[in-house]
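Here numbering that gives the first Met the number 0 is used: position 601 in the sequence shown is 600, and no number is missing along the way. What follows is a short report on a single structure.
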Amino acid sequence: MCGIVAYIGPREAYPIILKGLKRLEYRGYDSSGVALLNNKLQVYKKKGKVAELEESLVGKDLHAHAGIGHTRWATHGEPSDRNAHPHSSASGKLAMIHNGIIENYTQLKTELIKKGYTFKSDTDTEVLLNFIEDIQKNNNCGLEEAVRIALKRVVGAYVIVLLDKDQPDTIIAARKGSPLVIGIGKGEHFLASDASPMIEYTKEVVYVNDYELAILKADELILKNLGNEKLTPFVQKLDMEMTAIEKGGYDHFMLKEIFEQPETIFDCLRGRLDAEKGVITMAGIQNNIEHLKNASRIIMIACGTSWHAGLVAEYIFEEICRIPVEVEYASEFRYRNPVIHKGDVIIAISQSGETADTIVAIEKAKEMGAFILGVVNVVGSSIARISHAGAYTHAGHEIGVASTKAFTAQLAVLTMIALKIAREKGTIDQTRYMHLLGGLHNIPEKVKEVLKGSGAIQQLALKYKDAGDALYLGRGYNFPVALEGALKLKEISYIHAEGYPAAEMKHGPIALVDEHLPVVFVATKDTYYEKIVSNIQEIKARKGKVIAVISQGDDIISKMADDCIIIPEADELLAPMLSVIPLQLLAYYIGVAKGCDVDKPRNLAKSVTVE
Ligand code: F6R
């Protein structure tokens, strides 16, 4: 949540910051702003998307070689010009951007009010900024020292980046809990929430750790801890290309990412799965196989779409590894005093690797002695770093706010992990193991087949776009897919949708069914097929409109449903990687047909870095 960008060096700062903010808009887009330092400190900010800020700045003198920029997802204070970042200190000497939440800001604010401070915004950020300025005044010290002293009092999560009118050659930044990347150029430095704003300028980056302070000049980077000790920056090579952050001819990132899935699943399997030899190579799993195969229990921890991937994995792990699995919402797990034993393994699933709820849940489980395995997409992200071991999903940069390709990559990785554990434990026989490896190997090609049906799904979207509600039903492996389909529809088209296990419908939700309600069944050929056929009958008997995702060759449901989406057959354990794709497309095309901003749905942000 919230995207930050900063630049210091010989180039004009504003165009770099503006472009960077556009790339980071997925992190929040209710207001944005820039502060530019060039003898004077100029702050410009505006409610709305970055394009609105850009428009408001046409004709202004934006010349500067140091600057900071911010795109906001509101926490404290409604989206408005006044609450947008950067904030200026009481004296006007400092400007600051912030990503995170200062939990004890009320206490700090009360102290400052007693000292005569007044506030222009409702934000925790302005409070922290004035707290820093107050320390600077009282201790007669430089900004760096004031920031260090202030952060010792701060409770919460932050990345803060500051400009000081009296130090025009310096940017100061600090991190705890929110992501911060520094790009090292020749005589210039970049700083951002992720590497996308700096990708065309440098491939050398430093991921700043919690409780670290960065002092950036054009030609110097100093990294310190809060105890003022110098640290050696760990410079890494950036593995990201420009194509990853461009739409590549698609109307939206979401559509591009849906269509990338044959390649992203392939990339995820590449170098790991050898279906002919029957080998899965995953160092993070192999090196910790004793922990994993002897786990007394596996707890999947995640949020949103990643939580749905965890639910599919629950079915897979229990089926082939015979290990009990629980799937927990990270936010609930953390605060309900969970019972964790030493033999428990936590599998933390996250696209961004920065989800605050998941991070605090991991920290809690770690404290209690659990082994943490991260299944993460963003390389070098916080969850990747705090896990004991892990496996990256390699889905590439996901920009559309609604998660699509990350989900299928999570399923591919989790399936491989389960197969590897099952093989080591001896809970899967050779024939089934080889069959599943072969099936997994064929998934990318089958995804291509599913995508060929996108035109028909677009037509279907036009038929159902005016629905007020929708029900998504599935059983077994396809139950979490139904949940995911409903989530996609809600977030992209703002149509109210519920996902349910198909059999559970008769315990309540069936009361909703009438001739206006579209009911989407995920009903591929599997163990539950006969049962789901009965559930479809129950909906038809009440005049509900049935849209069914079915397997090729199905001649029963195809005759019962109002509309069918046919996908290739696959083992039931692997089918979710195919059956979810029509649901992603349906949500996308309905969102577009309704004129929604599908890449930036209202009220959402891609990376939820607040609890
Ligand atoms: C839904 C979506 C969210 C995320 C959730 C977890 O389309 O994108 O529900 O899945 O916020 O995010 P990560 O996976 O980054 O931890």
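Think of the CB as a built atom: it goes at the ideal place given N, C-alpha and C, for glycine as much as any other residue. Since the structure is predicted, the reported quantities are computational estimates derived from the model, not experimental observations.
Take residue i as the anchor and find which of the options has the nearest alpha-carbon.
{"i": "residue 482", "options": "98, 56, 303", "result": "303"}
{"i": "residue 225", "options": "281, 144, 155", "result": "144"}
{"i": "residue 122", "options": "133, 108, 587", "result": "108"}
{"i": "residue 332", "options": "39, 342, 298, 534", "result": "298"}
{"i": "residue 38", "options": "4, 92, 71, 23", "result": "92"}
{"i": "residue 490", "options": "215, 208, 204, 253", "result": "253"}
{"i": "residue 414", "options": "316, 511, 54, 478", "result": "316"}
{"i": "residue 51", "options": "64, 32, 59", "result": "32"}
{"i": "residue 265", "options": "319, 170, 336, 410", "result": "410"}
{"i": "residue 101", "options": "175, 54, 167, 89", "result": "175"}
{"i": "residue 495", "options": "502, 511, 275, 504", "result": "511"}
{"i": "residue 612", "options": "155, 365, 104, 236", "result": "Outside the shown range of the chain (0 to 610) lies residue 612, about which nothing can therefore be said."}
{"i": "residue 110", "options": "85, 55, 152", "result": "152"}
{"i": "residue 420", "options": "609, 291, 366", "result": "291"}
{"i": "residue 214", "options": "167, 251, 240", "result": "167"}
{"i": "residue 42", "options": "154, 56, 375", "result": "56"}
{"i": "residue 135", "options": "125, 149, 126", "result": "149"}
{"i": "residue 605", "options": "350, 412, 513", "result": "350"}
{"i": "residue 577", "options": "556, 513, 479", "result": "479"}
{"i": "residue 598", "options": "191, 249, 89", "result": "249"}
{"i": "residue 70", "options": "88, 64, 49, 339", "result": "49"}
{"i": "residue 549", "options": "437, 25, 582, 283", "result": "582"}
{"i": "residue 1", "options": "177, 322, 9, 389", "result": "177"}
Can you tell me the Cα-Cα spacing of residue i and residue j, whole angstroms?
{"i": "residue 307", "j": "residue 328", "result": "10 Å"}
{"i": "residue 454", "j": "residue 585", "result": "10 Å"}
{"i": "residue 561", "j": "residue 402", "result": "28 Å"}
{"i": "residue 311", "j": "residue 534", "result": "21 Å"}
{"i": "residue 464", "j": "residue 272", "result": "40 Å"}
{"i": "residue 212", "j": "residue 206", "result": "12 Å"}
{"i": "residue 469", "j": "residue 566", "result": "21 Å"}
{"i": "residue 472", "j": "residue 440", "result": "28 Å"}
{"i": "residue 580", "j": "residue 260", "result": "9 Å"}
{"i": "residue 485", "j": "residue 474", "result": "14 Å"}
{"i": "residue 587", "j": "residue 602", "result": "17 Å"}
{"i": "residue 563", "j": "residue 497", "result": "20 Å"}
{"i": "residue 457", "j": "residue 592", "result": "9 Å"}
{"i": "residue 230", "j": "residue 427", "result": "49 Å"}
{"i": "residue 391", "j": "residue 378", "result": "7 Å"}
{"i": "residue 608", "j": "residue 530", "result": "41 Å"}
{"i": "residue 422", "j": "residue 432", "result": "8 Å"}
{"i": "residue 461", "j": "residue 594", "result": "12 Å"}
{"i": "residue 301", "j": "residue 366", "result": "18 Å"}
{"i": "residue 115", "j": "residue 197", "result": "41 Å"}
{"i": "residue 526", "j": "residue 572", "result": "10 Å"}
{"i": "residue 558", "j": "residue 539", "result": "12 Å"}
{"i": "residue 163", "j": "residue 170", "result": "8 Å"}
{"i": "residue 532", "j": "residue 520", "result": "10 Å"}
Name the two residues that bound the continuous alpha helix (DSSP H) containing residue i.
{"i": "residue 209", "result": "Neither: residue 209 is in no alpha helix (DSSP H) and is coded neither H nor E."}
{"i": "residue 109", "result": "104-113"}
{"i": "residue 458", "result": "453-463"}
{"i": "residue 290", "result": "288-292"}
{"i": "residue 558", "result": "556-559"}
{"i": "residue 151", "result": "142-152"}
{"i": "residue 283", "result": "282-285"}
{"i": "residue 51", "result": "49-55"}
{"i": "residue 125", "result": "123-138"}
{"i": "residue 538", "result": "528-540"}
I'd like the span of the beta strand (DSSP E) that includes residue i, first residue to last.
{"i": "residue 468", "result": "468-473"}
{"i": "residue 316", "result": "Per DSSP, residue 316 belongs to no beta strand (DSSP E); it is in the alpha helix (DSSP H), 303-320."}
{"i": "residue 267", "result": "No beta strand (DSSP E) contains residue 267, which is instead part of the alpha helix (DSSP H) from 260-268."}
{"i": "residue 93", "result": "93-101"}
{"i": "residue 359", "result": "First-last for residue 359: 355-366, but that is the alpha helix (DSSP H), not the beta strand (DSSP E)."}
{"i": "residue 391", "result": "388-391"}
{"i": "residue 41", "result": "39-46"}
{"i": "residue 331", "result": "Residue 331 -> not in any beta strand (DSSP E); alpha helix (DSSP H) instead, spanning 329-334."}
Just to check my reading of the structure: residue i and residue j have Cβ atoms closer than 8 Å, yes? What is that Cβ distance to the nearest angstrom?
{"i": "residue 72", "j": "residue 19", "result": "Not quite, the Cβ-Cβ distance comes to about 16 Å (not below 8 Å), so this is no contact."}
{"i": "residue 342", "j": "residue 293", "result": "7 Å"}
{"i": "residue 181", "j": "residue 220", "result": "6 Å"}
{"i": "residue 3", "j": "residue 234", "result": "Between residue 234 and residue 3 the Cβ distance is about 21 Å, and since that is not below 8 Å, they are no contact."}
{"i": "residue 569", "j": "residue 547", "result": "Going by Cβ atoms, the distance from residue 569 to residue 547 rounds to 16 Å, so no, they are not a contact pair."}
{"i": "residue 600", "j": "residue 477", "result": "The Cβ separation is near 25 Å, so there is no contact."}
{"i": "residue 34", "j": "residue 67", "result": "5 Å"}
Looking at chain D, is there any beta carbon in it that lies within less than 8 Å of the beta carbon of residue i?
{"i": "residue 125", "result": "Here chain D cannot be found, since the structure has a single protein chain."}
### Query
Using 8 Å as the threshold, is the region 396-416 in touch with the region 242-252, meaning 3 or more CB pairs across them?
Three or more pairs of CB atoms, one per stretch, sit closer than 8 Å, so the region 396-416 contacts the region 242-252.
### Query
Okay, do the region 333-346 and the region 441-455 touch, 3+ Cβ pairs below 8 Å being the bar?
Verdict: no, contact absent.
### Query
Any residues whose CB sits closer than 5 Å to a heavy atom of ligand 3? List them in chain order?
Here the bound small molecules are ligand 1; ligand 3 is not part of this structure.
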